[in-house]
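For reference, the structure discussed in these notes is given below.
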Amino acid sequence: MAGILAAFIQQRQLELIERWMTALREAAAGAPLSQEQLEDRLLAYLRRLTEALARPDSTSPLALAETRKFAAEHGEQRLELGYDVAAVVRDYAALPDALQGLLRDSGFQPAADEVLQLTRFLVEGIATAAHAYSLEHDAKTRAAAAQHTGFLVHDLRQPLQSLKLRADLLERRRGAPSADDLRAIRSALQNLSEQVDSALVRSRLDALPAPDIDSVEVKPLLDLLAWEANPIARVEGIEVSVEAEAALVLQADVRMLRSALGNLIYNGIKFSRQGMVRVRARAAPPEHVVFEVEDTCGGLPEGETEKLFDPFVQLGQDRSGFGLGLALARRVADLHGGALRVHDLPGTGCVFVLELPVRQLEKVH
0 MAGILAAFIQ QRQLELIERW MTALREAAAG APLSQEQLED RLLAYLRRLT
50 EALARPDSTS PLALAETRKF AAEHGEQRLE LGYDVAAVVR DYAALPDALQ
100 GLLRDSGFQP AADEVLQLTR FLVEGIATAA HAYSLEHDAK TRAAAAQHTG
150 FLVHDLRQPL QSLKLRADLL ERRRGAPSAD DLRAIRSALQ NLSEQVDSAL
200 VRSRLDALPA PDIDSVEVKP LLDLLAWEAN PIARVEGIEV SVEAEAALVL
250 QADVRMLRSA LGNLIYNGIK FSRQGMVRVR ARAAPPEHVV FEVEDTCGGL
300 PEGETEKLFD PFVQLGQDRS GFGLGLALAR RVADLHGGAL RVHDLPGTGC
350 VFVLELPVRQ LEKVH
């Protein structure tokens with residue numbers, strides 16, 4: 000009986016692949032999986048699976064090791080295609096359903112021991128592919144972190160070297176530092192400070208925790224943010240105003256929400272010419288709250304609006320800071336299951352719109 004199920008699979012592999020792909024599409028629930036991605040390596044995977052199943056020693060550790068080998072390759076390859084680990088598991092989970100349907104429609108009844116061995120291969124395949132995916136993912140994450148650290152260290156060397164040289168010169172002169180010395184030292188220290196601040200803020204962007212959800216009263220929060228911002232705004236000839244319903248409440252992480260809205264307000268102050276930065280909040284039935292921060296920046300560059308939310312991108316003439324405030328605000332929106340977008344008001348300014356669900360049914364990671 001050995002190899003009968005394997006022979007059946009080999010003979011009907013095109014039909015099985017089609018059923019498998021259909022099952023994957025249904026399991027993906029609308030995920031953006033193209034025909035090419037679905038077909039990619041499925042035939043090769045199925046061929047190697049049936050070869051292992053057809054071996055006279057298919058129950059041996061050697062046969063199992065072979066299935067683990069190509070399962071690991073499958074997991075790594077799925078990572079390269081941009082799949083998540085759930086999609087890797089779906090690949091394996093969909094195969095038994097497809098095979099069962101083909102066997103039923105064909106009236107073929109395989110031997111129990113072959114079904115048992117195939118099941119064993121698939122279970123081992125799921126575990127091995129998911130493990131390989133995780134290892135490769137972790138390795139890529141560590142490599143990216145190491146690369147970032149390497150760039151940071153490299154960038155810090157120049158201002159540090161400049162400081163050392165200036166200190167050596169001052170030590171040899173044994174006199175009062177010149178204005179040029181002080182400017183050079185101040186510039187190097189400013190460079191160092193910006194590099195370190197940039198690294199700290201970027202790490203914060205990459206590692207925001209899951210929201211700590213609580214009830215937040217919107218009007219008092221906005222009033223507080225405006226009160227904090229107005230002393231800075233008035234220096235620039237700008238006033239921050241608040242319009243919000245007194246009874247408006249939502250579930251959110253108050254520290255994250257304060258950070259996101261604060262970034263939007265200070266961004267408005269920074270780029271507004273004169274006049275007002277208007278902060279509004281309203282209920283958006285049935286289940287959302289919409290925050291709007293309108294400024295008078297004069298309008299946005301055509302076709303550049305989405306770049307505003309990219310880390311370290313600054314489109315205005317004022318390049319102080321690191322261009323991370325809007326990226327952080329959008330990350331906060333994502334973590335709450337919401338959205339942050341911007342509407343251009345050509346020649347006048349723009350409106351940043353933060354839309355959040357009223358209720359947080361579960362923590363969004």
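Heads up, the sequence shown is in numbering that gives the first Met the number 0, so the first residue is 0 and it goes up one at a time. Idealized CB from N, CA, C, for every residue including glycine. Given the structure is predicted, the values throughout are model-derived calculations rather than measurements.
In this structure, Leu102 is the residue among Leu102, Gln116, Glu238, Pro285 with its C-alpha nearest to the C-alpha of Arg18. Assignment of Phe107 by DSSP, reduced to helix, strand and coil, places it in the coil class.
By the C-beta criterion, the stretch 321-335 is judged not to be in contact with the stretch 233-245, since fewer than 3 inter-stretch pairs fall below 8 Å. Note on Leu334: 16 or more other CB atoms within 10 angstroms of its CB, so buried under the neighbour-count rule. Distances from the CA of Ile237 to each of Leu4, Tyr265, Gln250, Ala110 were compared; the closest alpha carbon is that of Tyr265.
Secondary structure of Glu293 (DSSP, three-state): strand. Leaving aside the five residues that flank Asn262 on each side, the residues in its chain whose CB is nearer than 7 Å to its CB run, in chain order, Gly324, Leu325, Leu327, Ala328.
Runs of the beta strand (DSSP E) lying entirely within the stretch 233-302, each at least 3 residues long, are 237-243, 248-251, 274-283, 287-294 in chain order.
Annotation: the continuous beta strand (DSSP E) that includes Val350 extends over 348-356. Separation of the CB atoms of Gln250 and Val331 is rounded to 14 Å, and the pair is thereby denied contact status at 8 Å. Taking Gln273 as the centre and dropping the five residues before and after it, the same chain places the C-beta of Gly236 closer than 6 Å to its C-beta, in chain order. Cβ-Cβ separation between Leu221 and Val276: approximately 12 Å, too far for a contact (criterion under 8 Å). Residue burial is scored here from C-beta neighbours: Glu293 has at least 16 other C-beta atoms within 10 angstroms and is therefore classed as buried.
When only Cα atoms are considered, Thr118 and Asp211 end up about 42 Å apart.
With respect to Leu15, Ala97 sits close: the two C-beta atoms are nearer than 8 Å. Judged by DSSP in its simplified three-state form, Arg340 adopts strand.
Residue pairing by DSSP puts Asp213 in a beta bridge opposite Ala251.
Taken atom to atom, the span from the alpha-carbon of Leu13 to that of Ala111 is near 24 Å.
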